[in-house]
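Numbering (my numbering), first residue to last: 4 to 133. For glycine and all other residues, C-beta sits at the position ideal for the given N, C-alpha and C.
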């Protein structure tokens, strides 16, 4: 998701009477855009709604977002999620940092990515012939 685009869309919706809450991981960008309500998650980009495949963290984030929508005390309100990606802050340095991965792991991830692309291609071709 593009934080700037979502933020500008939220501002447009708000200007037309539709309340919004932006959930995001790029605090600097969203706050610079000046959205009315922002739920910040200190997670890697792409994970603003909780941990992947973790329904409990996702439900908590949604609950916080809805409470923020209901009770924001002032414009440009930012609330930080209490969840943490990891207790060890080094995840910010290590997450998606290819320079910190051994060649074997890079190869494994490449093969997994290629399998996913092939599966998507097969599904697309199957859908076209149905």
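Simplified DSSP state of residue 41, which is helix, strand or coil: In this structure, DSSP gives residue 41 an extended state, which the three-state scheme calls strand.
Contained beta strand (DSSP E) runs [length at least 3] in the region 32-76, N- to C-terminal order: Within the region 32-76, the complete beta strand (DSSP E) runs of at least 3 residues are 40-43.
Span of the alpha helix (DSSP H), counted from its first residue to its last, around residue 81: The continuous stretches of alpha helix (DSSP H) do not include residue 81, which lies in the beta strand (DSSP E) extending over residues 80-83.
With 16 other Cβ atoms within 10 Å as the buried cut-off, status of residue 52: With 16 or more other Cβ atoms within 10 Å, it is buried.
Whole-angstrom distance between residue 28 and residue 61, CA atom to CA atom: Linking residue 61 to residue 28 through their CA atoms gives a straight-line distance of about 14 Å.
Enclosing beta strand (DSSP E) for residue 27 [first to last residue]: It spans 25-27 - the beta strand (DSSP E) in which residue 27 sits, taken as one unbroken run.
Buried versus exposed, by CB contacts within 10 Å (16 or more), residue 21: Residue 21 sits exposed, since fewer than 16 C-beta atoms from the chains shown fall within 10 Å of its C-beta.
Closest residue to residue 77 among 113, 38 and 50 (Cα-Cα distance): Comparing Cα-Cα distances from residue 77 to each of 113, 38 and 50, the minimum goes to 38.
Where the alpha helix (DSSP H) through residue 87 begins and ends: Annotation: residue 87 is outside any alpha helix (DSSP H) and is labelled neither H nor E by DSSP.
Under the three-state DSSP convention, the category residue 20 falls into: The answer is coil: DSSP assigns residue 20 none of H, G, I, E or B.
Distance, residue 13 Cα to residue 99 Cα: Cα-Cα distance, rounded: 29 Å.
Through-space distance from residue 24 to residue 5, alpha-carbon basis: Going from the Cα of residue 5 to the Cα of residue 24 covers about 15 Å.
CA-to-CA distance, residue 56 to residue 10, given in whole angstroms: Counting only the Cα atoms, residue 56 lies some 25 Å from residue 10.
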